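Numbering (the numbering used here), first residue to last: 1 to 460.
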Amino acid sequence: MTDQKSISAQPDDTICALATPSGAGGIGVIRVSGLGAFAIADRVSVRRGQKKCVDYSGHTLHRAEITERDGEVIDDVLLAVFHAPRSYTGEDVVEISAHGGPVPLRRIIARLLESGARLARPGEFTQRAFLNGKMDLAQAEAVGDIIAAQTGAAHRLARRQSAGFLSRAVADMRSVVLGVLARIEASIDFPEDVGELDTELCQREIAEAQTRIETLLATADRGILLREGAKIVLAGRPNVGKSSLLNALLQTDRAIVTPVPGTTRDVIEETLNLRGIPVRLTDTAGLRETSDEVERIGVARTRDSLSDADLVVLILDATAGETPEDTALRTELAQHAPLIVWNKWDLLPLEQAFPAEGLPVSAAICWNIAPLEEALAERILGGAAPAADGAAVTHARHKHALESARTRLHDARQTLEADLPADFVSIDIRGALEALGLITGETATEDILAEIFSKFCIGK
Ligand code: GDP
1 MTDQKSISAQ
11 PDDTICALAT
21 PSGAGGIGVI
31 RVSGLGAFAI
41 ADRVSVRRGQ
51 KKCVDYSGHT
61 LHRAEITERD
71 GEVIDDVLLA
81 VFHAPRSYTG
91 EDVVEISAHG
101 GPVPLRRIIA
111 RLLESGARLA
121 RPGEFTQRAF
131 LNGKMDLAQA
141 EAVGDIIAAQ
151 TGAAHRLARR
161 QSAGFLSRAV
171 ADMRSVVLGV
181 LARIEASIDF
191 PEDVGELDTE
201 LCQREIAEAQ
211 TRIETLLATA
221 DRGILLREGA
231 KIVLAGRPNV
241 GKSSLLNALL
251 QTDRAIVTPV
261 PGTTRDVIEE
271 TLNLRGIPVR
281 LTDTAGLRET
291 SDEVERIGVA
301 RTRDSLSDAD
311 LVVLILDATA
321 GETPEDTALR
331 TELAQHAPLI
341 VWNKWDLLPL
351 EQAFPAEGLP
361 VSAAICWNIA
371 PLEEALAERI
381 LGGAAPAADG
391 AAVTHARHKH
401 ALESARTRLH
411 DARQTLEADL
421 PADFVSIDIR
431 GALEALGLIT
441 GETATEDILA
451 EIFSKFCIGK
């Protein structure tokens, strides 16, 4: 196992970065964190009274002027002072709330840099919070997820992870598994004191941990989907109404709708909140054979776009029925098991019977769009368990770790059953513990941490 504190902790340097988006805004907040945060803030600012930042109480606000070295005032600001360890990073922190213009903010940062701070790397504040034990790895990841959440459902899930629901579930599993390990190791080290290993009890406890892992894994498909989103591709001959349907689903007018066949030449992508799932909805150029060069490129892009689709919707023109071109398309798309949608139903006589397969809709008059959304959500979610109130898995990384722990526990039980030496069981159990520790970070390597935090934005 790796000692967390040894991983790239640089307690000597003080970092700073803009924590609010760059560009103009009412205020901009610059964060300064590290051993030198207070001294640097003293160096760059003038405040009423003789007090130094270190002498202010924690969690207090102070009016100040940030000045150039020659005394020119750059901006009137508020300094928020946090003493270690009661801050976001666990270090001394000063947050400078300045006027939110790019120029004053840049000048303040330049002033901080020349006074001893260095620019923070992406995610470095959160990484320090993790290294200082303010949060575990799953919680640190949740900070990024809260910022990136695209729907309310994804946000609620990230909030729960940030509050420690997943961490506690994993900690509970680890403690069950640790109990088994302790018993096994005692039987190896002190056989005369503890007697023979109670393999039945070990089996029961491992089974308990396995059940907990299964329960958590059951939340993974939905959790990952809510966080990462899904991709739906609308396919169909030109002019069947793909762009119109995209618009009906979006209820905006962003895709180009035109009566001339084959003019949606490129792949258009929009994001849609589909029952809480962030969905990238792609309208394609169609797949017909064409001699037009531009359109041919569009068709090639369509095929690319299909390759990573979570769901393909094949749109047919209800007034034309299934044409030979449609049948060819259906064959081509068969591997994606497309959802069939009959569009332009408004043009059919009222007494028209519904099709045996597929959903009738009208993009033009927005008829039957809600059932279509329902069908899309159902197909994307598959059999995924409904959102639980408790812990949920939201990252493929967590899912893989749980699967690996599950395998190691399965191996441990087989080893126990085969009556092999307890050492062998202990190796499997340790493997399971290590896998679980990846989720909360106890066993995460420097590479894993670098990978996770590099995805954050600067200033977080
Ligand atoms: P695409 O080439 O598949 O993207 O098709 P478009 O969305 O551009 O639609 C082609 C034509 O069909 C346009 O003139 C649309 O107004 C029309 N259209 C699309 N959906 C419907 C529908 O549900 N009912 C009717 N009556 N016309 C539609």
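For glycine and all other residues, C-beta sits at the position ideal for the given N, C-alpha and C. Everything numeric in this text was worked out from a predicted model, so none of it was measured.
Among the options, nearest to residue i - alpha-carbon criterion
{"i": "ALA117", "options": "VAL180, VAL73 and ILE30", "result": "ILE30"}
{"i": "HIS99", "options": "VAL143, ASP346, SER57 and GLY28", "result": "GLY28"}
{"i": "GLU95", "options": "LYS52, PHE190, ALA37 and LEU216", "result": "ALA37"}
{"i": "VAL425", "options": "ASP411, LEU274 and LEU433", "result": "ASP411"}
{"i": "GLN210", "options": "LEU402, ARG303 and LYS231", "result": "LEU402"}
{"i": "ILE340", "options": "ALA148, ILE439 and ALA235", "result": "ALA235"}
{"i": "GLU417", "options": "ALA163, PHE130, ARG121 and ARG204", "result": "ARG204"}
{"i": "ASP221", "options": "THR394, LEU131 and THR443", "result": "THR394"}
{"i": "ARG174", "options": "LYS242, LEU157 and GLU208", "result": "GLU208"}
{"i": "ASP198", "options": "ILE439, ARG413 and GLY459", "result": "ARG413"}
{"i": "SER115", "options": "ALA39, GLY358 and LYS455", "result": "ALA39"}
{"i": "GLY71", "options": "LEU274, GLU91, ARG47 and SER57", "result": "ARG47"}
{"i": "GLY152", "options": "LEU216, ASP317, GLY223 and SER87", "result": "GLY223"}
{"i": "LEU481", "options": "ARG237, ARG280, VAL240 and GLU228", "result": "The displayed coordinates of the chain run from 1 to 460. Any statement about residue 481 would go beyond what the structure contains."}
{"i": "ALA17", "options": "ALA110, THR440 and GLY101", "result": "ALA110"}
{"i": "ARG43", "options": "GLY321, THR67 and THR215", "result": "THR67"}
{"i": "ASP317", "options": "PRO355, SER57 and ALA140", "result": "PRO355"}
{"i": "THR271", "options": "GLN150, ILE380 and SER162", "result": "GLN150"}
{"i": "LEU350", "options": "ARG406, SER362 and GLU196", "result": "SER362"}
{"i": "ALA186", "options": "SER454, LEU216, ILE448 and ALA422", "result": "ALA422"}
{"i": "GLY276", "options": "VAL176, VAL313, ILE315 and GLY229", "result": "GLY229"}
Which of helix, strand or coil DSSP assigns to residue i
{"i": "CYS457", "result": "coil"}
{"i": "ALA149", "result": "coil"}
{"i": "ALA9", "result": "Unreliable positioning characterises ALA9 in this predicted model, as indicated by a pLDDT of 49, which lies under 50. The coordinate reading is nonetheless provided below. It is coil, neither helix nor strand."}
{"i": "LEU316", "result": "strand"}
{"i": "CYS16", "result": "strand"}
{"i": "GLY101", "result": "coil"}
{"i": "ARG118", "result": "strand"}
{"i": "SER307", "result": "helix"}
{"i": "ASN343", "result": "strand"}
{"i": "HIS62", "result": "strand"}
{"i": "GLU270", "result": "strand"}
{"i": "GLY26", "result": "strand"}
{"i": "GLU95", "result": "strand"}
{"i": "ALA138", "result": "helix"}
{"i": "PRO360", "result": "strand"}
{"i": "ARG31", "result": "strand"}
{"i": "THR67", "result": "strand"}
{"i": "SER393", "result": "The question names Ser, but residue 393 is Val in the sequence shown. Of the three classes helix, strand and coil, the one that applies to VAL393 here is coil, per DSSP."}
{"i": "SER162", "result": "helix"}
{"i": "ILE448", "result": "helix"}
Range covered by the alpha helix (DSSP H) that runs through residue i
{"i": "HIS400", "result": "396–417"}
{"i": "LEU436", "result": "422–440"}
{"i": "ILE74", "result": "First-last for ILE74: 73–82, but that is the beta strand (DSSP E), not the alpha helix (DSSP H)."}
{"i": "THR282", "result": "That residue, THR282, is in no alpha helix (DSSP H); its beta strand (DSSP E) goes 277–283."}
{"i": "SER243", "result": "242–250"}
{"i": "CYS202", "result": "199–217"}
Residue i, enclosing beta strand (DSSP E) - first and last residue
{"i": "LYS231", "result": "230–235"}
{"i": "ARG174", "result": "From DSSP, ARG174 is part of no beta strand (DSSP E) but of the alpha helix (DSSP H) over 165–189."}
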